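Numbering-wise, this note's numbering comes out as the position in the sequence shown, counting from 1, plus 3.
Idealized CB from N, CA, C, for every residue including glycine.
No experiment lies behind these values; they were computed from the predicted model shown.
Beneath this line is the structure, given in structure tokens, with notes to follow.
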Amino acid sequence: AQGGSTALITLHLTGEGGKTEDRITVIQDFQRDPITWHILHVDLFEVSMSKAVKVKVHVNITGGTPIGVKRDKGILHHGARELHVECLPGDIPDQIEVDASNLEINQGIHVRELDPGAGVKILDDPELMIVNVAIPISEEKLAAMLTGEGVVEADATTTTATAAAPVAEKGKTDDAPAAGKSGEGKK
């Protein structure tokens with residue numbers, strides 16, 4: 004299942020005796036066939052045009068490539084692709100635009116810095132990072148991380164701590180022989 008759309012849909016319903024009635028709805032959820040990608044099912048949610056609704060709205064990063072990516076070879080991280088908003092159905096934005104073009108290395112844009120428009124309240128954490136430019140990682144540092152170099156000490160400490168944990172879990176006391184001593188080592 005995929006999230007809904009922000010578009011308002013008017014349903015024209017025909018009841019008994021040919022009486023017609025219009026209902027305003029939004030898409031709450033829909034399902035697609037995994038192979039043909041045809042829509043299989045749509046859940047609609049009826050809304051009142053005078054009561055606020057909570058919906059998800061797409062975040063669109065605008066402004067082209069940020070300065071920190073172009074000039075300093077930084078890495079653009081897109082932290083949130085959609086935001087939860089509350090507003091009247093007629094005020095639901097199609098998307099929330101975020102201009103990241105002036106971001107340099109170690110700079111970002113948080114929810115608290117956004118202006119979603121009149122009558123629209125963002126419900127997500129104000130400290131949520133929408134987009135940021137991170138420092139590029141060198142080939143050497145990446146290779147060291149992938150081969151495990153530089154983390155040997157941390158691994159040895161972690162191994163010692165986790166090896167002691169099962170002893171306590173099995174109800175053994177501290178006076179039991181340490182792992183690796185003679186007569187020990189069978190599990």
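Integer-rounded CB distance, given that residue j should sit under 8 Å from residue i
i	j	result
residue 50	residue 29	6 Å
residue 76	residue 139	5 Å
Per-residue burial, residue i [other beta carbons within 10 Å of its own, 16 or more giving buried]
i	result
residue 95	buried
residue 191	With the chain running from 4 to 190 in the structure shown, residue 191 is simply not present.
residue 37	exposed
residue 23	exposed
residue 106	buried
residue 71	buried
Cβ pair residue i, residue j closer than 8 Å
i	j	result
residue 26	residue 14	yes
residue 64	residue 81	yes
residue 126	residue 99	no
residue 45	residue 9	no
residue 43	residue 31	no
For residue i, the nearest candidate out of the options (CA to CA)
i	options	result
residue 78	142, 143, 135, 152	135
residue 129	73, 112, 93	112
residue 92	145, 83, 122, 106	122
residue 86	133, 71, 105	133
residue 119	106, 102, 110	102
DSSP bridge partner residues for residue i (one or two, in chain order)
i	result
residue 85	61
residue 35	42
residue 264	Since the displayed the chain opens at 4 and closes at 190, residue 264 lies outside it and no answer follows.
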